[in-house]
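Enquirer: Please find one structure pasted underneath; my questions will follow.
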Amino acid sequence: MRDLAAQALLPVNTTLGAALLVLLLVAATTAAVFRLSPDGSYGRAREMCVAGLRAAVQLGAVSLVIGWVVHHTAALFAFLLLMVGVAARTAGRRITPNGSWWWAAVPIAGPVVPVVACLTLAGLLPVRGIAMIPVTGILIGGALTATVLGGRRALDELHTRNGEFEAGLALGLPERDARLEVIRPAASDALLPGLDQTRTVGLVTLPGAFVGMLLGGASPLLAGAVQLFVLIALMAVQAIAVAATVELVACGRLNRTGPE
494 MRDLAAQALL
504 PVNTTLGAAL
514 LVLLLVAATT
524 AAVFRLSPDG
534 SYGRAREMCV
544 AGLRAAVQLG
554 AVSLVIGWVV
564 HHTAALFAFL
574 LLMVGVAART
584 AGRRITPNGS
594 WWWAAVPIAG
604 PVVPVVACLT
614 LAGLLPVRGI
624 AMIPVTGILI
634 GGALTATVLG
644 GRRALDELHT
654 RNGEFEAGLA
664 LGLPERDARL
674 EVIRPAASDA
684 LLPGLDQTRT
694 VGLVTLPGAF
704 VGMLLGGASP
714 LLAGAVQLFV
724 LIALMAVQAI
734 AVAATVELVA
744 CGRLNRTGPE
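Sequential numbering from 494 applies to the sequence shown in the working numbering.
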């Protein structure tokens, strides 16, 4: 019954496969034609093609594995740990090419682990893969996005406004405080996507958790309550992630100096 409901929204057939291929080619071609890369090359177009192919392979593999994982608690937590590790490396390598990238694990795991633990202890999130994996995945994804945006903006701003940082040092400010004065306003913009998503939910978009529950047979009221819960938890995770990222940059833990 659920498969029939899902297929009514998006049938899985050769037409869907062709549409996905065309959309991926449109994205990559647009990035290539307009040189939407920091260095004006075709790098972003190649990244899009690779990302699309990886997504297809990874989702296929996860679809096979997740059916087994949800019935084994040890495997469930191992899978969640893998998710955090992949997110930390992805975020870290987006922020910096040097060895300090691993500090990105702090703003990702830092807010997600206690939030998920508290929700589990409160009985709101059962220790079952079918509930734990998607909710935790959404929170990890939100922390990843906030960490990448906050970290990149902070380090870019620190590089561009290095003179202001040095002026702060000349005035007697500690290095951490001098960096904070420069990076905090720019890094705070990392919260805007999450804020806009929450402010426009139901008016502009119907998020995945809401639609998924409706397809699963839940009432609109229950689906709305779950989606609200996800959005509020996501804002909390992203706020902590950005704060932690700013602090790491201010203390010099996340940086772009030294060997790659």
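The beta-carbon is built from N, C-alpha and C at its ideal position, and this holds for glycine as well.
Just so you know, these numbers come straight off a predicted model, no measurement behind them.
Would you identify the three-state DSSP class for V694, choosing helix, strand or coil?
Expert: strand
Enquirer: Among the candidates L642, L707 and L714, whose CA atom is the shortest distance from the CA of A732?
Expert: L642
Enquirer: In whole angstroms, what separates the C-alpha of H539 from that of P686?
Expert: In the sequence on display, residue 539 carries Arg and not His. The straight-line gap from Cα to Cα measures roughly 25 Å.
Enquirer: Classify W594 as buried or exposed, calling it buried when 16 or more other Cβ atoms lie within 10 Å of its own Cβ.
Expert: buried
Enquirer: What three-state label does DSSP hand A711 in the structure shown?
Expert: Coil.
Enquirer: Would you report the Cα separation of L648 and T750, rounded to the nearest angstrom?
Expert: When the Cα atoms are used, L648 and T750 turn out to be separated by approximately 11 Å.
Enquirer: Sort L684, R646, V694 and D689 by Cα distance to L673 and report the nearest one.
Expert: Looking at the Cα atoms, R646 is the closest of the given residues.
Enquirer: Check the C-beta distance from T640 over to A734 and give it rounded, since I have them as a contact under 8 Å.
Expert: 5 Å
Enquirer: Around the C-beta of P600, are 16 or more other C-beta atoms found within 10 angstroms, so that it is buried, or is it exposed?
Expert: buried
Enquirer: So, at 6 Å on beta carbons, what are the nonlocal neighbours of A581 in its own chain, with the 5 sequence-adjacent residues on each side left out?
Expert: A597, A598 and I601
Enquirer: Hey, R654 and V563 are a contact pair by Cβ (cut 8 Å); roughly how many whole angstroms apart?
Expert: 49 Å between Cβ atoms; not a contact.
Enquirer: For a quick check, are the C-beta atoms of V730 and G635 less than 8 Å apart?
Expert: Their beta carbons are under 8 Å apart, which means V730 touches G635 by this criterion.
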